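For the record, the sequence lines run as chains A and B. Residue 1 is where the first sequence starts when you use the working numbering, and the numbers rise one by one after that. Residue 240 is where the second sequence starts when you use the working numbering, and the numbers rise one by one after that.
Number of protein chains: 2
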Amino acid sequence: MGTRERKQREVQAREELFLSTARRLIREEGLLTLQMARLARACDYATGTLYQHFASKEDLLVALATQRMREHAEQFCRAASWQAGTRDRMFALSVVDHAFNRQHPGFARLLQYVFTEVVWESASPDRRQALQVELEAPAAAVTGIVSQAIADGELVSGRLTPQELMLGPWGLSAGIQSMQQTRGMLAGLGIEDPTRLLHHHVQAVLNGLGWQPLFDLDDGTALDGLVARIEREVIHAES
Amino acid sequence: MGTRERKQREVQAREELFLSTARRLIREEGLLTLQMARLARACDYATGTLYQHFASKEDLLVALATQRMREHAEQFCRAASWQAGTRDRMFALSVVDHAFNRQHPGFARLLQYVFTEVVWESASPDRRQALQVELEAPAAAVTGIVSQAIADGELVSGRLTPQELMLGPWGLSAGIQSMQQTRGMLAGLGIEDPTRLLHHHVQAVLNGLGWQPLFDLDDGTALDGLVARIEREVIHAES
DNA sequence: GCACTTTTTTGAACCAGATTCAATATCCGA
DNA sequence: TCGGATATTGAATCTGGTTCAAAAAAGTGC
């Protein structure tokens, strides 16, 4: 009679409520001050009910990260299937990634925290696994672009596999963005516009890997134009 | 009468004891399980005494990171003044950085944790400042190499300042190394030898930035040879 | 060496906040 | 409607960081 299913849906909805409320609390008062009892109360449930969904606070955080990661993966895959050359698509991934992080300011911070030994190791294996699963689609998307570039002769793989090749642009994006997190670090070095710089350097690695057609790094206008086009065609595209 | 100074030295020594014991405890039982009371007891002092040195647990962690960072900065500066061309010296920084992290396996993890909003914001301003100070020397070293490369005509700065240029290689190193931290992440992608890959990609960015003389990325032997030479002449050099 | 003040050390008490679990309420099939 | 299964509750428990009044040690003037 479907009463089981309804129950399922209710539980699902409640989990959603917990997650979105947690997100709001974090936005309003910071990751630092999130408290399980307060979260439960804010949702009009008892503490114990919250623990029926999440085995621990760390679990909740991983779940939060997983949820956002899913959205992120969607955007990412959209960028990967953009109608453009492999090189531009690869670059688009970095732009989309960065735009996503700007749109969800807490996400990068949360992810940084979640991947910390202290949090990661105290989350339940299931939740960890779920987050890792969300990483697969984006990874496959990137690898696909690299493979196609090799097949099309726009990129020479040398001794490296596609996975290994993608580590360059990916690592660079991740590295610069994580520096952007640490309050005051880049400003302290006199760096003004990290976003533009990130794009510049990603183009530099792609050039360095010999990914055709090479990009003229001195042409600031072309870079801005390309970024604008990606934002228009990929990020703000209807879907 | 110098009794004040002696006292100073004793306090200094005790702080050193706390730090090195903390390091041992973390090594033996993990960051996760470090407890202030246990640490104090392990040093034969009362909890309160420990708090005379460190305002909080977070403070202690930042102090720990700062101490190691100082050693790291030394190695780093040594590499920066290596007798070699600017390009090789820049590359050497990345090699030294990575070697240091391999030699002190917990350091990267600790740093990752410390730079987390949750920890960073609950450490005292003094301790934060102290860690930031330790970043200045390395930053100056890198910037110096970049500036010299520009002066020598081995690198064309375009529209970027030396600080901005160095963000490329630096961000890449940081990004790949932090991925290496997250247990199983790289292995899950089928990546075997992240160290070699890191070196490869750093050379790729340097090539991409047009840093002369360009490095032949297909020549694996040359890469290994250069790394070996750096390890010999910079890392294991007497000082 | 002694009486007194100041500084340092101590560790048990305190407190915050995550987690548990016995009691209670709700649901569901018969 | 009844009886057992399941879900919810929130006060009690537990862990571990932090504090602070008391005790000890060090310093000072005589």
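For each residue, glycine too, the CB sits at the ideal point set by N, CA and C. Computed from a prediction, not measured in an experiment: that's the story for all the values here.
Beta carbon of residue i nearer than 8 Å to that of residue j
i, j, result
"B/PRO408", "B/SER333", "yes"
"B/LEU264", "B/ALA281", "yes"
"B/HIS311", "B/GLN416", "no"
"A/GLU154", "A/THR86", "yes"
"B/THR434", "A/THR116", "no"
"B/HIS438", "A/LEU167", "no"
"B/ARG348", "B/GLN420", "yes"
"A/VAL156", "A/GLY220", "no"
"A/ALA22", "A/VAL234", "no"
"B/GLN371", "A/GLY175", "no"
"A/MET69", "A/GLU16", "no"
"B/VAL301", "B/ALA318", "no"
"B/ILE389", "B/PRO377", "no"
"A/GLY208", "B/GLY464", "no"
"B/GLU297", "B/VAL358", "yes"
"B/LEU289", "B/PHE339", "no"
"A/MET179", "B/GLY269", "no"
"A/SER245", "A/ALA55", "Because chain A spans 1 through 239 in this model, residue 245 of chain A falls outside it and cannot be assessed."
"B/ARG266", "B/GLY345", "yes"
"A/ALA13", "A/CYS77", "no"
Residue i classed as buried or exposed, judged by whether at least 16 other C-beta atoms fall within 10 angstroms
i, result
"A/LEU111", "buried"
"B/MET240", "In this predicted model, B/MET240 has a pLDDT of only 42, less than 50, meaning its place in the structure is not dependable enough to derive any value."
"B/ARG245", "exposed"
"B/SER412", "buried"
"A/GLN75", "buried"
"B/GLN442", "buried"
"B/THR272", "exposed"
"A/VAL205", "buried"
"B/ARG328", "buried"
"A/THR66", "buried"
"B/ARG398", "exposed"
"A/VAL11", "exposed"
"B/ARG248", "exposed"
"B/ARG367", "buried"
Where the alpha helix (DSSP H) through residue i begins and ends
i, result
"A/HIS236", "From DSSP, A/HIS236 is part of no alpha helix (DSSP H); its letter is neither H nor E."
"A/ARG127", "125–151"
"B/GLU356", "356–359"
"B/SER417", "401–420"
"B/GLN442", "433–447"
"B/GLY429", "It is not in any alpha helix (DSSP H) - B/GLY429 carries neither H nor E in the DSSP assignment."
*asked:* Please give the ranges of any alpha helix (DSSP H) in the region 279–353 of chain B, keeping only runs that are unbroken, at least 4 residues long and fully inside the region.
replied: Those alpha helix (DSSP H) runs which fall completely within the region 279–353 of chain B and span 4+ residues are 286–292, 296–319, 325–342, 344–353.
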